[in-house]
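Enquirer: Take a look at this one; I'll ask things after.
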Ligand code: ADP
Ligand code: MG
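Residue numbers (our numbering): 16 to 335.
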């Protein structure tokens, strides 16, 4: 195994912008931004739990950063820098090369330079811990406790594809190469809507990124904001690849499926045109899918006929 310092120098020391002090000192230095608040978030990815042992390393590098950038988007923050903690059973050059390429490609595209991290040997599987720093105009962040009765509820992107891909890969669904081909990118290559998130700061009220499933994640907003919600199933942006699936499976994937890394946000009804315009400007699809109600903790999903769907996908009964 090459030693730790060679590994860092070889794979994780691409230069940071001139205004930064990047990899190589005890801490990185990032330029201050007057009038801004710093947004900070970390996500862990563990082999066997968050990714398959044979996961393609380039995609893994992308996804490790993407799931963190998604948290910045959900706060209305723009990326400033990221740090990478990497714990590996062995240092395989081909793996490291591809992982670094995937990571840096997204870091460059998102304007989120890698400025530091930590590297250790792991006794068991691979552990990847990414920390992102972002900035948001002071007081304008999109907090989970900011939803208000009467707000519209919006979702960016589409729902359900990553969940279907995961079920195909775990064998929970029977093999279907065409369906896997149509859904796999959603699972392995999420593209968090950073520009949309930043544009929503000061416009939307509450927001979060959908990582554990729309109902569960929206539940966090309802809990933090002490309100309820009514969703219209037919208004939800079902991923095109799910079109032919049985209704029950589709609903499960759309309402309960995780790994979406798109936004669920709430905003006052008088902001509708503005939100549609800014989504168009930033190349994001947004769908208005329901409204915030006064009924604390209550979450209803209405079907095509306006009747509440019961039971909601397994695990979410406590919303009823
Ligand atoms: P320290 O002993 O201060 O923890 P290290 O020897 O662990 O420093 O790391 C040396 C430098 O390399 C530091 O600037 C650190 O931030 C950076 N670094 C270590 N691992 C990584 C990594 N996986 N990705 C990016 N930078 C890293
Ligand atoms: Mg260290």
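Cβ atoms here follow ideal geometry from the backbone N, Cα and C, with glycine treated the same way.
Could you give the distance in angstroms between the alpha-carbon of residue 179 and the alpha-carbon of residue 72?
Expert: 21 Å
Enquirer: Pick out whichever of 29, 28, 302 and 324 has its Cα sitting closest to the Cα of residue 168.
Expert: Ranked by Cα distance from residue 168, the first of 29, 28, 302 and 324 is 302.
Enquirer: Output the residues surrounding ligand 1, defined as those with a CB atom closer than 6 Å to any ligand heavy atom, in chain order.
Expert: 23, 27, 38, 39, 40, 41, 99, 101, 129, 131, 132, 133 and 134
Enquirer: Roughly how far, in whole angstroms, is the beta-carbon of residue 328 from the beta-carbon of residue 277, given that I think they are within contact range, below 8 Å?
Expert: About 18 Å separates the two Cβ atoms, so there is no contact after all.
Enquirer: Cutting at 8 Å between CB atoms, please list the residues of its own chain near residue 226, excluding the five before and the five after it.
Expert: 82, 85, 232, 273, 274, 275 and 276
Enquirer: As a quick exercise: from 75, 31, 49 and 53, pick the residue whose alpha carbon is nearest that of residue 203.
Expert: Ranking the options by Cα distance to residue 203, first place goes to 75.
Enquirer: Less than 6 Å between C-beta atoms, sequence neighbours within five positions excluded: which residues of the same chain meet that for residue 319?
Expert: 249
Enquirer: Hey, quick one: how far does the beta strand (DSSP E) through residue 315 stretch, first residue to last?
Expert: DSSP places residue 315 in the uninterrupted beta strand (DSSP E) bounded by 314 to 317.
Enquirer: CB-CB under 8 Å to residue 67, same chain, minus the five flanking residues each way: which ones, in chain order?
Expert: 184
Enquirer: Inspect the beta-carbon positions of residue 297 and residue 214 and report whether they are closer than 8 Å.
Expert: Taking 8 Å as the Cβ cut-off, residue 297 and residue 214 qualify as a contacting pair.
Enquirer: Can you tell me the Cβ-Cβ gap for residue 239 and residue 159, rounded? I've got them flagged as a contact below 8 Å.
Expert: 4 Å
Enquirer: If we count the other Cβ atoms within 10 Å of its Cβ and call it buried at 16 or more, is residue 322 buried or exposed?
Expert: exposed
Enquirer: Which of helix, strand or coil does DSSP assign to residue 45?
Expert: coil
Enquirer: Classify residue 59: buried if its beta carbon has 16 or more other beta carbons within 10 angstroms, exposed otherwise.
Expert: exposed
Enquirer: From 256, 143, 229 and 255, pick the residue whose C-alpha is nearest to that of residue 64; which is it?
Expert: 143
Enquirer: Can you pull the DSSP bridge partners for residue 58?
Expert: 145
Enquirer: Roughly how many angstroms lie between the CA atoms of residue 300 and residue 32, to the nearest whole one?
Expert: One C-alpha to the other measures close to 32 Å.
Enquirer: Which full runs of the beta strand (DSSP E) of 3+ residues lie inside the segment 193 to 230, going along the chain?
Expert: Whole beta strand (DSSP E) segments, 3+ residues: 222 to 224.
Enquirer: Under the assumption that residue 280 contacts residue 219 (Cβ atoms under 8 Å), give the Cβ distance between them as a whole number of angstroms.
Expert: 4 Å
Enquirer: Could you pull out every residue in the same chain whose Cβ sits closer than 6 Å to the Cβ of residue 330, ignoring the five residues on either side in sequence?
Expert: Low per-residue confidence applies at residue 330: pLDDT is 47, beneath 50, and the placement is therefore not dependable, though the value from the model is reported in the following sentence. Closer than 6 Å at Cβ, skipping near neighbours: no residue.
Enquirer: Is the segment 248 to 263 in contact with the segment 194 to 201, if contact means three or more CB pairs nearer than 8 Å?
Expert: yes
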